[in-house]
Structures are given as structure tokens and as C-alpha cells.
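Here is the structure we will look at, set down as C-alpha cells.
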Amino acid sequence: MTSREPPRSRPPPTRATSHFLSSAGAQIDEISARLSRRARVDSISEPSRPQPRLSLWRSRKNGPTLDYSITATEESAPKGTSTSKLNTFEGVFMPTTLNVLSILMFLRFSFIVGQTGLVGTLGLLIISYALNLLTVLSISAISTNGTVRGGGAYYMISRCLGPEFGGSIGIVFYIGQVLNAGMNIVGFVEPLMNNYGRKDGEIAHILPESFWFTFLYGTVLCILCSVICTAGSKFFARVSLIIFVLLGISTISIPISAIALSPFASSQIEWGLSTTKFVNNLLPRFTKGAAGSQLMHRENFRSIFGLLFPATAGIFAGSADSGKLQNPSKSIPRGTLQGLLLTFFLYTSVVLVLAAGVSRDFLYTDLNTLQDINISKYLILLGSLSTATFSALCGINGAAKMLQAIARDDSLPFLSVFKYGTKATDEPLLAIAFTYICTQCVLFADINQIASFVTMTFLLTFAGINLACFLLDVSSAPNFRPSFVYYSWHTALIGFLVSFVIMFFVDGVYAGIAFSFLGVLFLMVHYLGAPKNYGDISQALIYHQVRKFLLRLDKGKEHVKFWRPQILLLINDPRRNLKLIHFCNSLKKSGLYVLGHVMITQDFSADLPELRKQQNAWHKLVEKIKVKAFVQVGVARDEVWGAMNLVLSSGLGGMKPNIVVMSFFNLAERKLIDHPSQDEEDSHVVGHALQRAESGAKRRQRERQADMDHEKNYLPTDSCRKNPAITICTYLNIVEDIIASFNLNVALAKGFSQMEEPEDTTKEYLDLWPIQMSPVSSDLTDESVLSTNFDTYTMILQMGQILHTVPRWRKAYKLRVLVFVEHEADACEEQRRVSLLLENLRIDAELVVLTMDDGKLSTYEILVNGKAPTAEIERALRNEPWWTERHRRQENEHRRTSQGSYSRRRESAVTHNLAIRKRRASSSHHPLSMPLSFRTNVPMPNHDDSTDEEPDHDSEQLDSSIIMPRYTDAAVFDDDEEYNTGMRHGEGRIGSAPDFDASPLPSRTIITNTHKSPTGSDSAPSSQQEGSSRSGSIASSHGTEDGEQETAGANLTISFAPPPANHPTLSTGSRTNFNDLPAKAQHLVINELIRNNSAYTGVLFTTLPPPSAGTYKDEARSEDYLEGLAILCDGLPPCILIHSKSLTVTTAL
1 MTSREPPRSR
11 PPPTRATSHF
21 LSSAGAQIDE
31 ISARLSRRAR
41 VDSISEPSRP
51 QPRLSLWRSR
61 KNGPTLDYSI
71 TATEESAPKG
81 TSTSKLNTFE
91 GVFMPTTLNV
101 LSILMFLRFS
111 FIVGQTGLVG
121 TLGLLIISYA
131 LNLLTVLSIS
141 AISTNGTVRG
151 GGAYYMISRC
161 LGPEFGGSIG
171 IVFYIGQVLN
181 AGMNIVGFVE
191 PLMNNYGRKD
201 GEIAHILPES
211 FWFTFLYGTV
221 LCILCSVICT
231 AGSKFFARVS
241 LIIFVLLGIS
251 TISIPISAIA
261 LSPFASSQIE
271 WGLSTTKFVN
281 NLLPRFTKGA
291 AGSQLMHREN
301 FRSIFGLLFP
311 ATAGIFAGSA
321 DSGKLQNPSK
331 SIPRGTLQGL
341 LLTFFLYTSV
351 VLVLAAGVSR
361 DFLYTDLNTL
371 QDINISKYLI
381 LLGSLSTATF
391 SALCGINGAA
401 KMLQAIARDD
411 SLPFLSVFKY
421 GTKATDEPLL
431 AIAFTYICTQ
441 CVLFADINQI
451 ASFVTMTFLL
461 TFAGINLACF
471 LLDVSSAPNF
481 RPSFVYYSWH
491 TALIGFLVSF
501 VIMFFVDGVY
511 AGIAFSFLGV
521 LFLMVHYLGA
531 PKNYGDISQA
541 LIYHQVRKFL
551 LRLDKGKEHV
561 KFWRPQILLL
571 INDPRRNLKL
581 IHFCNSLKKS
591 GLYVLGHVMI
601 TQDFSADLPE
611 LRKQQNAWHK
621 LVEKIKVKAF
631 VQVGVARDEV
641 WGAMNLVLSS
651 GLGGMKPNIV
661 VMSFFNLAER
671 KLIDHPSQDE
681 EDSHVVGHAL
691 QRAESGAKRR
701 QRERQADMDH
711 EKNYLPTDSC
721 RKNPAITICT
731 YLNIVEDIIA
741 SFNLNVALAK
751 GFSQMEEPED
761 TTKEYLDLWP
771 IQMSPVSSDL
781 TDESVLSTNF
791 DTYTMILQMG
801 QILHTVPRWR
811 KAYKLRVLVF
821 VEHEADACEE
831 QRRVSLLLEN
841 LRIDAELVVL
851 TMDDGKLSTY
861 EILVNGKAPT
871 AEIERALRNE
881 PWWTERHRRQ
891 ENEHRRTSQG
901 SYSRRRESAV
911 THNLAIRKRR
921 ASSSHHPLSM
931 PLSFRTNVPM
941 PNHDDSTDEE
951 PDHDSEQLDS
961 SIIMPRYTDA
971 AVFDDDEEYN
981 TGMRHGEGRI
991 GSAPDFDASP
1001 LPSRTIITNT
1011 HKSPTGSDSA
1021 PSSQQEGSSR
1031 SGSIASSHGT
1041 EDGEQETAGA
1051 NLTISFAPPP
1061 ANHPTLSTGS
1071 RTNFNDLPAK
1081 AQHLVINELI
1091 RNNSAYTGVL
1101 FTTLPPPSAG
1111 TYKDEARSED
1121 YLEGLAILCD
1131 GLPPCILIHS
1141 KSLTVTTAL
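Residues 1 to 1149, numbered by full-length UniProt numbering, are exactly what the sequence shown covers, in order.
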């Protein structure tokens, strides 16, 4: 027999392991002790007690520990504090049993059984207790999911449904408890008078029976109960125990008397158990004028149930003082259910005794039946007085504690005086005194009337509790996991619905009054109460629904019919851009609105506190300025990466930004920083904007500092760290990436610091200037290519119409659409086209068509017709090489003209044509590298007639002939002066009718000019010897019946690429074409045109010409581009420059 191998000894733990195990054990003990002590301390013992919180794990000498923050009062609480708390029997079971065993059992059960019979009474009892049971299940689920603090039902409802529901239902329930206390005090006086009244006393004739003496007896009891409530919960529990013993003996004596007493008969009662009486009392038999009835007509189930239900509705007595319980989560469900079960059996036994031992005639006439058939009438009298006393005590005490809890939550400001309690036991003395006054007023009412109002208030509270449990369960909140498992959302929903049905069943008028009063209280708490963050169920429900619908919001199924602006506003300093923030809030049209901010840091860990500070500050800013926006704060090493991360990360699912808004780069401040010694004359590079900024810089700084010091104008973000000023290349880099890389719409906002609010404006119009951009390029076959940007044109119309639908903007401004042509002969045709476009897009706006050659534009006359330039134009263009070259060529041309050199003039024109063709042919095919042009006609979306595909059934097709006119091949100019003259004056137009497809289309339409010049080279626009010539046509290309190509014409193109220094057209003194002007020159003309016609405009929308690809790589090119935009916007009202990459309008149904 082999010897057993001794068990291997476990190796001793290492030092590190021992340290971990010991510290972990200490942590568990410490956490358990603190959580247990925290659960036993009343959370509202002090008015300003902070909510408990779990802080982050932090390292200490003996390892990481969980630091649970508690208040000084909790820390100094003695270890034996739990011995002063109430257990389940004292704190829940006994109050519930005593409160449910109502005075109505002794005073009105004989009346109820006489009217509804045994079946009707038991049926009403079962319905009442079923609703009580459903509500108790909900109370148990909520109370076992966490610690229930003082306030009982109010605390449960407010923490689940929010302060509005909690405060309003809590006040209604407070009124119900006051009415219940008054009803029991009135009930106390009634048996007292029946037994000791001078006239009707059965035992003795001692007490006077007048109304005021009756009121005096009730007042004495009310004062006595109020004094007992101020003594504290332990004294209240001792008094309750005495009353519980007396009431228990009195109630048990009823079935014992039924067995012990022999049958007897008297003038007042006839007693004796018999089957005949039982069968006779089995079914309902309603009468009129019975003892205890207050109706002028026959009783019915509705009136009887309204009287009976308060006798069963005292289930909140145990939870009313939940802050004084040792373990509320376990005591409330256990004690309440046990109390309900006991009282149901006691009520059933009393009903069976009355139905089997007393004939119906005596039930109609005698309200003291239970006292007459008892072995001792003193026991029933003692039970009547004891239950009335306790119910009054419980009503006053529970109502006062609830009023204190409501006041401490600042639900209504005028209740704040009731939040204070005594230092020793935190008894709400002021709340008790106020409750006493209210109860005293109830003593003037009748007991039956009080019972009906009590029923309404209790049923409303039942509905609130059941609704809270139902919503907590269906919201699938992870932290809702109560230890009480005998419930479901089905039981809670049934309890909620039954409560409402019973309210209107009992009395529709009282129910309507109760709901109206509840609605008024709801609004008062919402608008007057202090903001609270209870973590109510609304957040869980909103999250649940938003998540579900976000998953259904498929970005791939998005249709242009339902397009709306979803704005990402990139912003650095909210104080400077406060008006722009409010403007975008109006512009979003119920769409997504995100405020994006980038915090620049080189050390994320070190700046993490600053990041959290900025996140909180931005969220507070949104709340303070009251805009409906989300906040997205990003972190990056530079502005470009930060902005790109914001664009990528903003939004969720199908709700992603589709337009990025940026404030305009502040060239004026940059010039002041880079060139502080520059004289005032040099500040005119961008018109007068720099001059104004230079003169007002110190003034604005003083005003901003004054605003920051002023508490009323203080913004939460004012204390945040400011980012360094963004460079001009970085700004252009962000713009280019948004347009080219992300393919998003972009809008630059300028001048919004001067925007007038619609309520205080002196302006009249919202102006839309949809100037069409057209890149000019060449294809691989050396064919001239022009394209249109239909999306930008229509998006300007769309955004203006959206802003005009906002009531405050619609009331203050009229909507206008302003377009322009170069020649007056084209105005009527432009009017027709744009009018039909606005009609088909359902945009109600005033249309204004302007012309350039009417002699009213000084810049046009100077730059196009060759008049002498003004000093302002000289300052704006003096650094432009083409302007200097023009002056030199004009001097040379003047000398040549004086010598009659006609041949040289002809040669110069030919050279001009070749230069234009060469410049266009050298353009890149990249969309941002094309020289951009403005057009004044309505652009055409692309539509290929040769396709065999059927149109989209969701799209609406329009005849393009009503939108754009057709020209003969206006892109080709030969030497035929008659032909060119006819085209110049609008002759030679022919119509065509291709379909206008409303489905999403490419944003560019390209045509090609394949005609050759007589010399064999491609033809190109040439300057004419007389008058101005029209530039190349920009339109869709469509095949005709003869297989030829026709193009829809355009009479203006505005170049945004600077021409070569030796630009031939500008070098001559002859009249040229607006289309041939370089970017800054065209900006000067358009700027004057807009300033002349938008002087009374609140906000202006127009086209943003995008920068050429790679502009941001060169600081000089970046500055030149932004200076051109600054010239375009100089002196204008607040304006939004828009560049669109998507279709935003449709005519589809």
C-alpha cells in the first residue's frame, strides 16, 4: 500500500502579489463601509448637500483606491447611527397597515355593503387592491434599484420622470394627503358625536353638537397630531405602535363578535348569521337618501367606488418617510406588500360579517352597525378613534416631509422657505405648520366630498409611479436592474392605464379639474423651477429613439426633395462672431447645426484640463445664448488638421454637415500686425476696409474689454485660452480642402459683426445675387471648353428662401433676387428666364434685372470703355502688372494713333485673339485650377438627350427653353461685322426645348466649340473695331434634328484668373469687353453695382469664386485671392459668399 503523497504547499505570494491582495481587500472593506454608511444617511438633511459622486481611481501609498466623496455631516456621523433608524415593521408595515385601515371601514362599510351588496363590494375591493398591487410592484421595482431618499412618491417620480412631472404630481399628492388627513379628522369627530353628543349620544350626553363645536373638536385633534409630528420619527413610531395594537384588537373583535354573539333584535339593529340574509345581501341594490348618502339621486358604482378607494390607497405611508429607514430598498416592498395582504383579509372579513349577519334594511339606516353588533361597542369606538388619529398623523407627517423635499429641490421658488428642518432630527417644522393650516381648512368640507378629491389625487400619483416604472423598463437603461424581480413593463403599463380609466369612471368633472391643475403646475415648475439634472428617464428615451431613427436615416437614400442645410460653423472666438452664430441658427431650417472649435496644442496630456474646460464652456455658451446647436471641440497640432478632423467627425449617421461656414479672414488686422508703420494710403489695397479697421482697432479693443468685465455680457468662453492668429495660407488651405477634398459646400461670412437684428433693423431687403461662375478651359482636342455651376446658383436662391421662411426674418425683410447683364438688349430675356426659374422653384421673391452699360457704373466706364481712372481705382489696381502695362500701352497707342497706324491696330487685335486662345488652352483640367468666370444668365443643368434611359419617376422635367434662351453659335466670331452686330443686339436667337431634369445632376455643363477660323486655327473671341463683342457661350450641348450642335448663350463671363502681364485687350485704349477684365477689375465693377442697389439690405447672398488649386502654397497668391474677395465685398452689408458642390433644389413632387 503506497503512502499518499502529501499535498503540495502553495508557494507564498510574492511581495507584489501580497501587496495587491491586501490593498484590494482593504478597498472592498472601505468601499462597502462607505457605501453602507452613505445609504443610511438622509440625502436631504441639509438644503445645499451635494450629490454623492464616485471620483476617479487615484494612486495612494498602499495602491489605487476608489475615493467615494461624502459630506462633512456624513463623515462625522456616529457609527451607531443605524440604531436610530426604523426597521421594516416600524417604518413600513405598521404605517401601511394603519393608513390602509381607514376610518371609512367603521363609518361607511355598512352603507357600501347595503348599496352594492357582497358581490359589488368585494368586486370594488378587488379592483382597488389590484391597482394597489400593480402600483406596489412598480414602487418595489423603483425602490430596489437604488436608495430612495426623503419624499417618498415625489422622490421616485421626480428622479425618474424629471422635475416637471415630479414637482407637479408631488404637489398634487401633497394636496391629497392633506385632504386625507382632514377626512380622517372629520371622521374622528363623527363617532365621537354619535356616542357622546348631547342629543344623539348612545353612551353619554356630554359634548355639545353644534357646527362650531364640531369644528373645535377637529381643530384640537389637528393640533395634537401636528405636535406629535414635530417630536421626531422615533416618537411617531412609538405612538404608531400603540395605535396599531388598539386598532388590531378592534378590527379582530369584529369577526370574533360574529361568532360569539347570539342572534338578537332591537329597534336599531337585527343581528344573526343566516343564509337568507347572505343571499339577500349578495347583489347590488342602489337607493336614494340612505344614511351616509350625499347625492340628490340614487347611488351608483361610480359614487361608491369614489368613497371606497381612499380606504385602500394608503400604500405610500411606508415610503413617505423613507429617509428614516435602515434599508429603504428592502423595507418598502416587503412591508408594503405584507400590509396590503393583511388589510385585504381584514376588510374581506368585515364585509362578510355585514353581509351574512345584518339585514339590508338596517344597512340602509344605521351607520354604527359594526358598533351595534360587537361584543363591546367601546372596542369599535376605540378602533374608530385610533385609525382616524393615525391616518391624520400619517397624512400631516407625510405631507410635510414631501413639501420639504419639493422645496429643497427648488421646484417652485415660493416654496423654498419650507426646506429647512431642525438641526437634530431635520424635522420640517415650517412645513408641518403650513400643513396644519391647510388641514384646518379641510374641516369645513363633508367626508364624502373629501373622499372623491382624495381618490383623484391618489390615482394621479399611482399613474405617475406606474408610468415611471414602465418607461424605465422599456428604455432598456443598463443601470435599471432592481433586485425586486416580480414586475414587468406589462404590469406597470396596465397600472398606468387603469389609473386613468378609474379617474374618469369615478367622476369626469373632478378628473378634468385634476388634470388641468396638474398641467398648470407642470408649466409653473418648468418655467419657475431651478434647472435640475436628475438623470431622468427622458434622456434614456430620447437616446433610445434617436439611435433607432439614426440607423434608419440612410445617407444613401437621401433625396434632393428633402434637402436642408446642415451647418458646421468653424469658429475661434465666439464673442467676435456672436451674431454669426445666431444667424446660422436661423439659417439651419430645423437641420443639424454644429459649432466647431479647434484647440491647438502640442502636448495633449498637459492640455487635457484645458480641453475639458473648453468643452464645458462651449456647452454653457450654447445654453446661455439659446441656440439649438451641438458642440464639437477638436484637438490638433495645427488648424488645418483640426478643421479637417471636425469636418470628418461632426454629425452621426445620416446627420452629417453638408455646408461648412467660416468667417472671413481678417485682412485688416493682418496688415496692422505685419505693417504697423504703414501709412494710411497704403491701407487701400482692399478698398476702405483696412482704413476703417485701423482707425477703430483701439476702440473695439476697449469695447470688448468692457463687455468682458460686464457680468451681463460675459460669455463662458471668455475665460478659455485663445488660439494664435491663423495665417493666410492656413486659412486658404482649409477652404481648398473643404471644396476639393471633401466635396462639401462652403460659405464665407463677412461683415456680420455689423448685422442688425431683425427686430431692430432699419433695412428692408434680403438680397440674393446669384452670379454664375464659369471656368474656361480646353480639352485634349484643342476645343474651347466652358462650364456652368448650376449648383451654386440655385443654392443661393435656396438659402435665401430658407432664411426668409423664419418668422422673425420674414416679418422684417422682403426677399429680392438681383441679376445683371452687360447690355440692355438682353435684360428682357434675362427677366423672362429668371422669372420662370423662380416660379418653377416656388421661390416668392421680387426680381430685379440690372445692366452694366447704362452709364451709371463709373468703374465699368473706366475699365471697359476706357475713361480716365479715379484715384480709388488707381489705388486698388496700382500693384497689378496688367494695370501698369495698360498705362504703358495706352501711351504707346496714343502715339501710334496720332500717326494713323491703322495696320498696327489690326495686328494688335489679331494678337489679342491668339493670346486669349493660348491662355485658355494652357488652363489645367483640375476644377480649381481653371480660370473662373461669372455669368449673368440662368445656368443649365446637364441633360443628355441621346441616352436611352428613362427619367427618374421621382423627378420633374421642365422645358429648358423657358429657362435659357438659345443662340446660334455665339462662341465663334468671324470678321463679318454685320453678323457680330446682330448678335450683339440680341438678333439671331433661336429656341430649343431640351428637358430640364430635376434629379441630381453634375454641377458643371460643358460645351465644345469645334469651328475653325479662316486661318485654320480654332476660333476665339476677338475684340471688335466698333462696340463690344460677346464672349464665348456657356450652355448645355444638345443634338438637333440635322445632327448639328446648338448652344445656349451667355453674355457675361467674369474671369478670376489674372491674365498675362501683356494682356492685349487691356493694353489698348479701345473699348473692350467685361469678360476680358481680370479678377480684381471685375470685382470692382460688381462691387459698385451691388453697393448701388443693396444699400437697404440686411443680409446679402452671392457667389464665392473658389481659389485655384494650390493657392495656399504661396502666400502672395493667397493674399491676392483674399484681397480680390475683400474688394468684392468692400462696403457691402453682411454677406454670405457661397460655393456649392451639390444640388439643393428640385421641382419633383
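Glycine residues also receive a C-beta, built at the ideal position from the N, C-alpha and C atoms.
Query raised in the report: Ordered along the chain, which non-local residues of its own chain (more than five positions away) have a Cβ less than 6 Å from that of M755?
Result: Within the sequence shown, the letter at position 755 stands for residue 755. Contacts found: K579 and P1134.
Report task. Indicate whether residue 1151 and I396 have their beta-carbon atoms separated by less than 8 Å. Result -> Any question about residue 1151 goes unanswered here, given that the chain covers just 1 to 1149.
**Report entry** V622 versus A812 - alpha carbon distance
**Finding:** Taking the first residue of the sequence shown as 1, we reach residue 622 at position 622. Taking the first residue of the sequence shown as 1, we reach residue 812 at position 812. Rounded to whole angstroms, V622 to A812 spans 25 Å at the Cα level.
Report task. Could you say if the stretch 85-93 and the stretch 233-244 meet the contact criterion of at least three C-beta pairs nearer than 8 Å? Result -> In this structure the stretch 85-93 lies against the stretch 233-244, because at least three pairs of beta carbons, one per stretch, are closer than 8 Å.
**Report entry** Coarse secondary structure for D603, derived from DSSP in three states
**Finding:** Taking the first residue of the sequence shown as 1, we reach residue 603 at position 603. Residue state for D603 is assigned as coil, using DSSP reduced to three classes.
Query raised in the report: Residues in its own chain within less than 7 Å of W563 by CB, not counting five upstream and five downstream?
Result: Within the sequence shown, the letter at position 563 stands for residue 563. Result list for W563: T1144, in chain order.
Query raised in the report: In or out: R637 buried (at least 16 other Cβ within 10 Å) or exposed?
Result: Here residue 637 corresponds to residue number 637 of the sequence shown, with the count starting at 1. Per the 10 Å Cβ criterion, exposed.
Query raised in the report: Around the Cβ of W883, are there at least 16 other Cβ atoms within 10 angstroms (buried) or fewer (exposed)?
Result: Within the sequence shown, the letter at position 883 stands for residue 883. So W883 counts as buried.
Requested in this report: Report the option in G170, I304 and L467 whose CA atom is closest to the CA atom of T135.
Outcome: Mapped onto the sequence shown, residue 135 falls at position 135. Ranked by Cα distance from T135, the options G170, I304 and L467 are led by L467.
Query raised in the report: Can you name the residues that DSSP bridges to L850?
Result: Taking the first residue of the sequence shown as 1, we reach residue 850 at position 850. DSSP output for L850 lists F820 as bridge partner(s).
Query raised in the report: Between the C-alpha atoms of G197 and G318, what's the straight-line distance to the nearest angstrom?
Result: Your numbering for residue 197 matches position 197 in the sequence shown. Your numbering for residue 318 matches position 318 in the sequence shown. Cα-Cα distance, rounded: 35 Å.
Requested in this report: Please go through the same chain and pick out, in chain order, the residues whose beta-carbon is closer than 8 Å to the beta-carbon of T805, but skip the five residues on each side of it.
Outcome: Locating residue 805 in the sequence shown gives position 805, counting from the first residue. If we look at T805 and ignore the five residues flanking it on each side, its Cβ neighbours are K589.
Query raised in the report: With a cut-off of 8 Å, do at least 3 Cβ pairs link the stretch 371-387 to the stretch 242-256?
Result: Touching, yes, given that three or more Cβ pairs across the two stretches are closer than 8 Å.
Query raised in the report: From I112, K401 and L308, pick the residue whose C-alpha is nearest to that of L283; which is it?
Result: Translated into positions along the sequence shown, residue 283 becomes position 283. When each option's Cα is compared against that of L283, the closest is I112.
Query raised in the report: Taking C-beta to C-beta, are D854 and E824 nearer than 8 Å?
Result: Start at 1 with the first residue of the sequence shown, and residue 854 comes out as number 854. Start at 1 with the first residue of the sequence shown, and residue 824 comes out as number 824. Between D854 and E824, the CB-CB gap stays under 8 Å.
**Report entry** V1099 versus L838, L768 and I437, residue with shortest Cα-Cα distance
**Finding:** Here the question's residue 1099 lines up with position 1099 in the sequence shown. V1099 has its Cα closest to that of L768, out of L838, L768 and I437.
Report task. Just list the alpha helix (DSSP H) runs in the stretch 834-898, keeping only unbroken ones of 4 residues or longer that don't cross its boundaries, in chain order. Result -> Counting only runs of 4 or more, we get 858-863, 871-877 and 881-898.
Query raised in the report: For R612, which of L592, G634 and V594 has the nearest alpha-carbon?
Result: Walking along the sequence shown from the start, residue 612 turns up at place 612. Of the candidates L592, G634 and V594, the one whose C-alpha sits nearest the C-alpha of R612 is G634.
Query raised in the report: Should G529 go down as buried or exposed, given a rule of 16 or more other Cβ atoms within 10 Å for buried?
Result: Translated into the one-based positions of the sequence shown, residue 529 becomes position 529. By the neighbour-count rule (16 or more Cβ atoms within 10 Å), G529 is buried.
Query raised in the report: Three-state secondary structure (DSSP) at K1080?
Result: Numbered from its first residue, the sequence shown carries residue 1080 at position 1080. K1080: helix per DSSP, three-state reduction.
Query raised in the report: Nearest CA to the CA of S475: which residue from L850, L1128 and S538?
Result: The sequence position of residue 475 within the sequence shown is 475, counting from 1. The shortest C-alpha separation from S475 is found at S538.
Report task. Under 8 Å Cβ to Cβ from Q449, same chain only, skipping five residues before and after it: list those, please. Result -> Numbered from 1 along the sequence shown, position 449 holds the residue referred to as residue 449. Contacts found: Q294.
Query raised in the report: Of all the options T859, V546, P478 and F1101, which has the alpha carbon lying nearest to the alpha carbon of T794?
Result: Taking the first residue of the sequence shown as 1, we reach residue 794 at position 794. Comparing Cα positions, the closest option is F1101.
Query - Stretch pair the stretch 397-412 + the stretch 248-266: three plus CB contacts closer than 8 Å - result: Contact between the stretch 397-412 and the stretch 248-266 is absent, because fewer than three Cβ pairs lie under 8 Å.
Query raised in the report: Span of the alpha helix (DSSP H) holding H1139?
Result: By one-based count along the sequence shown, residue 1139 stands at place 1139. Here H1139 belongs to no alpha helix (DSSP H); instead the beta strand (DSSP E) covers C1135 to H1139.
Query raised in the report: To which residues of the same chain is I357 closer than 7 Å at the C-beta, ignoring the five residues directly before and after it?
Result: As a first step, residue 357 is located in the sequence shown; it is residue number 357 there, counting from the start. The residue asked about is misnamed: residue 357 is Gly in this sequence, not Ile. Correct list, in chain order: A258, W271, G272, L273, K277 and I373.
Query - Backbone secondary structure at S1094 - three-state DSSP - result: To locate residue 1094, count along the sequence shown from 1; it is residue 1094. Note: S1094 maps to coil in three-state DSSP.
**Report entry** Residues near Y1112 in its chain [Cβ-Cβ closer than 7 Å; skip 5 each side]
**Finding:** Numbered from 1 along the sequence shown, position 1112 holds the residue referred to as residue 1112. C729, L732, N733, E736 and S1118.
Requested in this report: Could you tell me the distance, in whole angstroms, from the CA atom of P770 to the CA atom of L550?
Outcome: Start at 1 with the first residue of the sequence shown, and residue 770 comes out as number 770. Start at 1 with the first residue of the sequence shown, and residue 550 comes out as number 550. Answer to the nearest angstrom: the Cα atoms are 34 Å apart.
Query raised in the report: Among T96, L493, A290 and I103, which one has its Cα closest to the Cα of I185?
Result: Numbered from 1 along the sequence shown, position 185 holds the residue referred to as residue 185. Considering only alpha carbons, the answer is I103.
**Report entry** Contacting residues, own chain, Cβ-Cβ under 8 Å from L125 (five flanking each side not counted)
**Finding:** Along the sequence shown, read from residue 1 onward, the residue named residue 125 stands at position 125. Within the same chain, L125 has close Cβ partners L308, T312, F344, Y347, T348 and V351.
**Report entry** Given 8 Å, three or more beta-carbon pairs between the stretch 145-165 and the stretch 188-195
**Finding:** No: fewer than three Cβ pairs fall under 8 Å.
Query raised in the report: If you run the structure through DSSP and keep just helix, strand and coil, what is E270?
Result: Within the sequence shown, numbered from 1, the residue matching residue 270 stands at position 270. Strand at E270.
Query - Contacting residues, own chain, Cβ-Cβ under 7 Å from M456 (five flanking each side not counted) - result: Translated into positions along the sequence shown, residue 456 becomes position 456. Cβ-Cβ distances below 7 Å link M456 to M503, Y510, A511 and A514 in the same chain, with the five nearest sequence neighbours on each side left out; the list follows chain order.
**Report entry** C-alpha gap between A392 and L379, whole angstroms
**Finding:** Locating residue 392 in the sequence shown gives position 392, counting from the first residue. Locating residue 379 in the sequence shown gives position 379, counting from the first residue. For A392 and L379, the distance between alpha carbons rounds to 20 Å.
Requested in this report: Kindly list the residues whose CB is nearer than 7 Å to the CB of S605, restricted to its own chain and excluding five residues on each side of it in sequence; keep chain order.
Outcome: In the sequence shown, the residue the question calls residue 605 occupies position 605. If we look at S605 and ignore the five residues flanking it on each side, it has no Cβ neighbours.
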